[in-house]
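Protein sequence lines correspond, in order, to chains V and P. Its first residue numbered 73, the first sequence is counted upward by one per residue in the working numbering. Its first residue numbered 118, the second sequence is counted upward by one per residue in the working numbering. Structure, as C-alpha cells:
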Amino acid sequence: QQQVKQSPQSLIVQKGGISIINCAYENTAFDYFPWYQQFPGKGPALLIAIRPDVSEKKEGRFTISFNKSAKQFSLHIMDSQPGDSATYFCAASWGAQKLVFGQGTRLTINP
Amino acid sequence: NAGVTQTPKFQVLKTGQSMTLQCAQDMNHEYMSWYRQDPGMGLRLIHYSVGAGITDQGEVPNGYNVSRSTTEDFPLRLLSAAPSQTSVYFCASSYLRGGTEAFFGQGTRLTVV
C-alpha cells in the first residue's frame with residue numbers, strides 16, 4: 073500500500089520556469105512532511121519541510137503548499153535553474169521518524 | 118564531521134551468498150534506518166532502530182537482518198542474496214524526536230547475479 077503518492081514521475085521545465093511536484097497522503101496521523109533532493113550517485117538530502125499547522129512554507133526559490141483537508145502537499149520551484157535538475161522525493165512521517173516516501177520525480181531543467 | 122558513512126559503495130554478489138552492508142554515523146543520533154531504492158518505487162524502509170539494542174521491522178524486512186550494538190553502527194545483513202535484492206541501499210540517521218532532519222549516506226549499489 074503506497075501511503076504517499078507522488079506525481080509526475082518525470083518533469084521537464086525550461087530555465088526560469090516554475091516546477092511543480094504534487095503529493096497526496098492517506099494517513100491523517102502524519103505530522104511532518106519533508107521534501108528531499110537527490111543528485112545522481114548521492115543520498116537524498118533534506119530540501120524543505122512543513123508541519124500541518126501551516127499552509128505554506130517558503131525558503132528561497134522553494135515553497136511547500138499544504139492542503140490538510142485534501143491531504144495533499146506540493147513543492148514549487150520558482151525560477152528553475154539547470155542546477156535544480158535532480159530527483160525529488162516527498163515524504164511523510166508521524167512521531168519518531170518512520171519516513172514514508174513517494175515514488176520520486178525526476179526533474180530536468182532545460183537551459 | 119563525516120555524517121553517515123556507508124561501505125561498500127558497490128557490490129556484486131552471487132545468488133545465495135551473504136554479506137553485511139556497513140553504516141556508521143558520528144552525530145550521536147538515536148534513530149537509524151535502512152532503506153532500499155528501486156526505480157519508480159521511491160525509498161522503502163527495511164529496518165530501523167531507536168537506540169542501541171532496539172531494532173524493528175519496516176515495510177520490506179524479509180531477507181534482511183539488523184543489529185544495533187552501539188549508537189554509531191547499524192549494519193544490514195543479507196542472509197542469502199536473491200536477484201530481487203538488487204537495489205541501492207541507503208542508511209539514514211536522525212534524532213529520535215519527530216520532525217527532525219534525516220541524514221542519508223551515499224548509498225551502496227548492490228547487484229545480485
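For each residue, glycine too, the CB sits at the ideal point set by N, CA and C.
**Message:** So for SER201/P, helix, strand or coil by DSSP?
**Reply:** helix
**Request:** Using only alpha-carbon positions, find the residue among GLN134/P, VAL121/P, SER166/P and ARG161/P that is nearest to ARG214/P.
**Result:** SER166/P
**Item:** Assumed close pair LEU160/P, GLY180/P - CB separation to whole angstroms, cut-off 8 Å
**Value:** Actually they are not in contact, since the Cβ atoms of LEU160/P and GLY180/P sit about 17 Å apart, beyond 8 Å.
**Request:** Let me know the alpha helix (DSSP H) ranges lying completely inside the region 142-173 of chain P, each 4 residues or longer, listed in chain order.
**Result:** none
**Request:** Could you tell me whether the Cβ atoms of PHE221/P and GLY113/V are closer together than 9 Å?
**Result:** no
**Message:** Do VAL177/P and PRO200/P have their beta-carbon atoms positioned less than 9 Å apart in this structure?
**Reply:** no
**Message:** The beta strand (DSSP E) that contains LYS130/V, what's its start and end?
**Reply:** 128-131
**Request:** Measure the CB-CB distance between ILE149/V and ILE92/V and report whether it falls below 9 Å.
**Result:** yes
**Message:** Which of the three DSSP states is assigned to ASP103/V in this structure?
**Reply:** coil
**Message:** Considering Cα atoms alone, identify which of LYS170/V, ALA158/V, THR159/V and ILE181/V is closest to ASP151/V.
**Reply:** ILE181/V
**Request:** Taking PHE111/V as part of the beta strand (DSSP E), name the residues at either end of that continuous run.
**Result:** Where PHE111/V is concerned, there is no enclosing beta strand (DSSP E), given that its DSSP letter is neither H nor E.
**Partner residues on chain P for GLN175/V, Cβ-Cβ distance less than 7 Å** = GLY157, MET158 and GLY159
**Asked** Short check: CB of TYR104/V to CB of ALA121/V, under 9 Å?
**Response** yes
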